[in-house]
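Peer 1: Before I ask anything, let me first share the structure, which is written out below as structure tokens.
Numbering (full-length UniProt numbering), first residue to last: 1 to 363.
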């Protein structure tokens with residue numbers, strides 16, 4: 001019994017020990033499970049913390065990258081703005097320099113223009129002074145010449161009057177002989193003599209009392225100048241203070257009949273080279289002669305002759321032809337006396353006469 005009790009107690013004790021061991025094992029398992037769970041929780045917490053730290057680091061890195069990018073963009077913008085400011089400043093500086101250069105050039109041009117004007121005014125003043133001196137000298141010379149001419153004129157008029165009377169008689173004799181000869185009733189000669197005295201192809205006599213340029217011949221009549229065959233222009237000048245003192249100073253012969261190569265035609269001037277025996281010059285079927293003459297006081301003038309006008313086959317224009325001579329023969333209002341319109345002197349072959357001659361002939 002006691003053994004059984006002891007066995008029972010032993011069994012009970014063994015069972016208790018087993019239970020205790022089981023409890024202890026269970027407790028250990030629980031403790032281990034809790035430790036594992038705690039380790040898992042800690043590991044999870046560490047992982048989460050690490051993930052959070054990493055995420056935070058990533059966010060910070062991204063923020064830093066964005067900040068760096070923003071800083072880079074800002075720096076680039078600032079550099080660009082600075083470059084634009086510098087470029088604008090350079091443009092403004094260049095514009096200021098250009099404007100200053102333009103102002104300098106404008107000032108230089110204004111100064112040069114002012115200098116040119118001053119120089120021009122100085123030259124103009126010098127020219128005016130020289131012209132005034134020349135006019136004064138010309139006036140003094142003209143006054144001296146007028147006085148000398150007035151002194152010579154009185155003596156010359158007496159001699160000229162005697163010579164005119166002789167020449168009128170000679171001319172009248174020639175006219176009478178021609179009037180009696182066979183032929184048409186038209187006058188053979190047309191001449192300009194004396195003041196100058198003219199006689200046209202119709203025998204009409206008149207004095208040329210207007211100084212200036214006059215057309216003596218124009219063939220064909222009324223033809224345009226550029227198509228004319230023969231044209232003779234005379235420049236008449238006044239050598240004294242009276243309307244009678246007019247002379248042929250220059251003759252110009254132009255037209256298609258004038259030989260080529262003579263620019264401006266043939267020009268004769270009083271006081272030029274003289275020929276003692278001037279020759280007839282042929283232009284088409286017309287012959288022309290220009291001779292030099294001089295007054296008793298030595299003033300040079302020209303004589304003009306033309307013949308065979310009737311052989312041209314054209315109407316002859318000009319004062320020696322068919323043109324009206326009324327205006328040319330009318331004295332100006334400044335003339336203080338009236339001149340005879342019928343004073344005619346005989347033409348001179350060598351033309352060293354007192355009066356200029358211009359003679360035209362149909363023959």
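All C-beta atoms in this analysis are idealised placements derived from N, C-alpha and C, irrespective of residue type, glycine included.
So which of 282, 202, 90 and 302 has the shortest CA-CA distance to residue 322?
Peer 2: 202
Peer 1: Between which residues of its own chain and residue 232 is the CB-CB distance below 6 Å, once the five residues before and five after are set aside?
Peer 2: 216, 217 and 253
Peer 1: Take the Cβ of residue 368 as the centre, count every other Cβ of all protein chains shown within 10 Å, and call the residue buried at 16 or more, exposed below.
Peer 2: The structure shown does not extend to residue 368, since the chain spans only 1 to 363, so no value can be given for it.
Peer 1: If you reduce the DSSP assignment to three classes, tell me which class residue 326 lands in.
Peer 2: The DSSP-derived three-state label of residue 326 is coil.
Peer 1: Comparing C-alpha positions only, which one of 317, 258 and 298 sits nearest to residue 284?
Peer 2: 258
Peer 1: Apart from the five residues just before and just after residue 319, which ones in its own chain have a Cβ nearer than 8 Å to its Cβ?
Peer 2: 192, 198, 200, 208, 214, 215, 216, 325 and 328
Peer 1: One question on the structure: do residue 211 and residue 246 come within less than 7 Å of each other, judged by their Cβ atoms?
Peer 2: yes
Peer 1: Consult DSSP for residue 166 and reduce its assignment to one of helix, strand or coil.
Peer 2: Confidence in residue 166 is poor, its pLDDT being 46 and thus under 50, which makes the residue's placement unreliable; the coordinate value appears in the next sentence. The three-state reading of DSSP puts residue 166 in helix, counting H, G and I together.
Peer 1: Does residue 308 come out as helix, strand or coil in the three-state DSSP assignment?
Peer 2: coil
Peer 1: Go through its chain and collect everything with a Cβ distance to residue 234's Cβ below 6 Å, but skip five positions before and after it.
Peer 2: Excluding sequence neighbours, residue 234 sits near 214, 216, 248 and 251.
Peer 1: How many whole angstroms separate the CB atoms of residue 288 and residue 219, which I take to be in contact at a CB cut-off of 8 Å?
Peer 2: Not quite, the Cβ-Cβ distance comes to about 11 Å (not below 8 Å), so this is no contact.
Peer 1: Alpha carbon to alpha carbon, how far is residue 290 from residue 268? Give it in angstroms, no decimals.
Peer 2: Cα-Cα distance, rounded: 8 Å.
Peer 1: How is residue 110 classed by DSSP in three states: helix, strand or coil?
Peer 2: helix
Peer 1: Whole-angstrom Cβ separation of residue 270 and residue 296, contact assumed at under 8 Å?
Peer 2: With a Cβ gap of about 15 Å, residue 270 and residue 296 do not count as contacting.
Peer 1: With H, G and I counted as helix, E and B as strand and the rest as coil, what does DSSP make of residue 314?
Peer 2: coil
Peer 1: Using only the alpha-carbon positions, how far apart do residue 119 and residue 109 sit?
Peer 2: If you take the alpha carbons of residue 119 and residue 109, they lie about 15 Å apart.
Peer 1: Taking only the alpha-carbon atoms, compute the straight-line gap between residue 101 and residue 115 and give it to the nearest angstrom.
Peer 2: 20 Å
Peer 1: Looking only at its own chain, which residues have a Cβ that is under 8 Å from the Cβ of residue 228, when we skip the five neighbours before and after it?
Peer 2: 218, 219, 220, 254, 255 and 256
Peer 1: My output table needs one value for residue 281: the three-state DSSP class, helix, strand or coil.
Peer 2: strand
Peer 1: DSSP on residue 215, reduced to helix/strand/coil?
Peer 2: Strand, per DSSP.
Peer 1: Excluding the five sequence neighbours on either side, which residues of its own chain have a C-beta within less than 6 Å of the C-beta of residue 265, listed in chain order?
Peer 2: 252, 253, 254 and 258
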